[in-house]
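This report concerns only the one structure given below.
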Amino acid sequence: WNPVISPGGLMIYSGKLFPKWRGDAFIGGLSSHALIRVDLNGAAAAKGDQWAMGARIRDVEEGPDGAIWVLEDGGGGSQGRLLKLTPRG
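Written out as structure tokens, the structure reads:
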């Protein structure tokens, strides 16, 4: 990646809340301050989406309900946050 994203965590999504993303990778970006989706298709991988989060992303995990959980690094003395991402609507 250019610019560098500095991965902080990686998760392969297998949930049901975001069916279009099943089998894709999600990477938390430390230096990019972003959540990145990587489209995995067999032996190929391509950058899918990148969402600016405004903070260093330390980890990304899938919850038992299929929600995506993102852990922000507080940095600079501020508190980090744990965010639950679900579909709109």
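Residue numbering for the sequence shown follows the working numbering, beginning at 12 and increasing consecutively.
Where is the CB? At the ideal position from N, CA and C, for every residue including glycine.
Asked	Found
Residue 30 (DSSP reduced to helix, strand or coil)	helix
Cβ contact (3+ pairs, closer than 8 Å) linking the region 15–26 and the region 66–79	yes
C-beta atoms of residue 28 and residue 60 nearer than 8 Å	no
Residue range of the unbroken beta strand (DSSP E) whose run includes residue 71	67–73
Nearest to residue 89 (by Cα), restricted to the options 65, 80, 51	65
When 49, 43, 45 are compared against residue 35, the one with the closest alpha-carbon	49
CA-to-CA distance, residue 41 to residue 95, given in whole angstroms	18 Å
Contact check, residue 62 vs residue 46, beta carbons under 8 Å	yes
Residue 51 - partner residues in DSSP beta bridges	56
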